[in-house]
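This is the structure:
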């Protein structure tokens, strides 16, 4: 077993679960310890305890244990500590509690003749009998606090029960032992449950949250795999929704399955998000904000309303980038707490933020003046984004056949949080097998104050624009400085035009070897450099131009919030495969404000999608079954389908979508390991019966753009409640329908 780490409380900050480790342990404060310390918040998770889930979806931490103890000190320091003991805390302190409990159970089993018990059996029993900590998310505590007595009762009752099942969920074709979905609304997610033991046994899902609909007791065949569709209906409020459900069999077998969904706050049309919430003393409140790819600068602020401020402050805040990377701690910045009348707010500036879900965590310190008077404290998180928003955010075109072709593509851009004057340029296309292209490369550079650090990269022939961004600095008072050099005949020559703090662009860069040199300097004259290394994020973007993307009117001048329609001419490459290009907004100085990705696919699609009406059955309601097949071999492909903003995952290439029975077309975005394709599926409608052959559900039609759809399969443009037009079903569709019935 191992410690989860002290980098919490953000998601994905816990140490991943290695193959050779059975348990990852987090830290909590027991109620008795809190009472001894006079802590008014009582029993709770310690705020620094890292959270998961692990990369494969399993709980990490798997258990939590006391994270505060008194440890012996060396004899030569004993005089400084009463009784020769010094306080110590952290998730590494929690590990010995669980390890000691497991050792005691193993020794008892040996003495009492409880049979051959392996350490992995004890780990499974500790998780099965653990006590969940009230008010704490499963992603932060796993199964909860070990209960040694309950674990021994189960262990002494007979041979250690094998878990009995393997449960997988396939996202984009990759198998996970848990669900971790960020952004899209879950619709129907298919779980593949494999029965490890021989013999058929009834299995029941327990502890399901109210927003997840698992099927009732089912018979699971020994040695076989059963598809279990789970329907979700999350509450509308943004936040974190998780649940650790258990599949239990009558033979004593059990398996836990973690589900985590993040519904973020979207950035508004004015580029601002304001979230006002309350946080309990001693607890952490999480706020999630969706940052689209077109945002070029992000400002995040945590403040306490004037009526809630208190002398000395009360709050700490943490900002995490997508993937659980800690960007900044308020305590490191200011050395004091947020919320005093003189300092009611704390702000972080993030240039070139990574797109995705950003997390802002707020902790109410229990040992403050405010905590003695209040159990909760109001706070506000404000996110201000600048950039240019494209609608749609991405263009994906599937063009059948061969030979050259010219297309017109329209898009709308909006000046977000600032006025805009500049031009729109077209870049591309570059084939998927070509090196470089309009690709983005992200890195992290470790910089020591006073010691510039180089980062090496190459620029290929045909690159029309190079953009390099550095920052933000995770340490208060420091800002990154960026210099760009190209190697010419063995010497480094400085190139590029600075476009602001930590940004350099180069128009028509010469191909060759480049170095981005990053150093840190004081952001204010009175600030010092300090000591130790600083991690600076670095983003390198290369745009290739072959004259295939042209703009009809390239100049734009917009006030904040104003919209403009842009039309581009696309010369479609004749070669098969995927080809990448961009529409890019450039300001007057040539700086990149926002790219719109454009992807054109030629030739046979990597996957095909067909839709077949499905009657109600024991595992699914009536609807449309989407079947995903390999474009070349025709075999089933696992994929994630996005329909109307909701996610549906397949098992053995199939998933049932809700359908109201009307004819029309259904827009489906299909995500696989190879990438994304967009399909328009004809919906046959429930007509009077077989008739003349018409385009049926077995067809797969290329789409034009990746755009919005509807939550329930229904025809585009038809008002809900209208009677569907009479339409005859093709004979092959009727045959499929009857077979499934």
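In our numbering, the protein residues as written are -6 to 734. Quick reminder that beta carbons are idealized off the backbone N, C-alpha and C, glycines included. All values reported here derive from a predicted model rather than from experimental measurement.
Assigned exposure category for residue 53 - 16 Cβ within 10 Å defines buried: buried
Other residues of its chain near residue 34: CB distance less than 6 Å, five sequence neighbours each side excluded: 274, 275 and 359
DSSP three-state assignment for residue 444, whether helix, strand or coil: strand
Integer Cβ distance of residue 365 from residue 301, believed to fall under 8 Å: Between residue 301 and residue 365 the Cβ distance is about 14 Å, and since that is not below 8 Å, they are no contact.
Exposure of residue 12, with buried meaning 16 or more beta-carbon neighbours within 10 Å: exposed
Proximity winner among 500, -2 and 32, relative to residue 361 (alpha-carbon distances): 32
Length of the line joining the Cα atoms of residue 453 and residue 571: 19 Å
Whole-angstrom distance between residue 63 and residue 39, CA atom to CA atom: 16 Å
CB contact flag (residue 503, residue 535, <8 Å): no
CB contact flag (residue 529, residue 464, <8 Å): yes
Reduced DSSP category for residue 204 - H, G, I as helix; E, B as strand; rest coil: coil
Check: residue 551 C-beta below 7 Å from any heavy atom of the ligand MG: No copy of the ligand MG appears in this structure; indeed no ligand is present at all.
Three-state secondary structure assigned by DSSP to residue 473: strand
Separation of residue 476 from residue 487, as counted between CA atoms: 7 Å
CA-to-CA distance, residue 539 to residue 684, given in whole angstroms: For residue 684, the pLDDT reaches just 31, beneath the cut-off of 50, and the residue's location in the model is therefore unreliable, leaving the point undetermined.
Euclidean distance between Cα positions of residue 568 and residue 595: 7 Å
Proximity of residue 185 and residue 161 at Cβ, strictly below 8 Å: yes
DSSP state of residue 317 mapped onto helix, strand, coil: coil
Residue 604 in three-state terms, based on DSSP: strand
Local conformation of residue 177 per DSSP, three classes: coil
First and last residue of the uninterrupted alpha helix (DSSP H) at residue 113: 112 to 121
Inter-residue spacing [alpha-carbon to alpha-carbon] between residue 205 and residue 659: 25 Å
Best match in 29, -5 and 101 for proximity to residue 57 [C-alpha to C-alpha]: -5
Secondary structure of residue 90, DSSP reduced to three states: helix
For residue 134, the three-state DSSP class (helix, strand or coil): helix
Reduced DSSP category for residue 324 - H, G, I as helix; E, B as strand; rest coil: helix
Residues bridged to residue 641 [DSSP beta-bridge criterion]: 634
Residue nearest to residue 4 in terms of C-alpha spacing, selected from 380, 277 and 407: 277
Three-way DSSP call (helix, strand, coil) for residue 19 in this model: strand
Nearest-angstrom Cα separation, counted from residue -1 out to residue 7: 8 Å
Selection from 164, 81 and 36 that minimises the alpha carbon distance to residue 635: 164
Where residue 85 falls: helix, strand or coil (DSSP): helix
Extent of the continuous beta strand (DSSP E) run through residue 366: No beta strand (DSSP E) holds residue 366; the alpha helix (DSSP H) holding it covers 362 to 366.
Buried or exposed (CB count within 10 angstroms, at least 16 for buried), residue 212: exposed
Burial state of residue 68 (16 or more Cβ within 10 Å): exposed
Simplified DSSP assignment, three categories, for residue 259: coil
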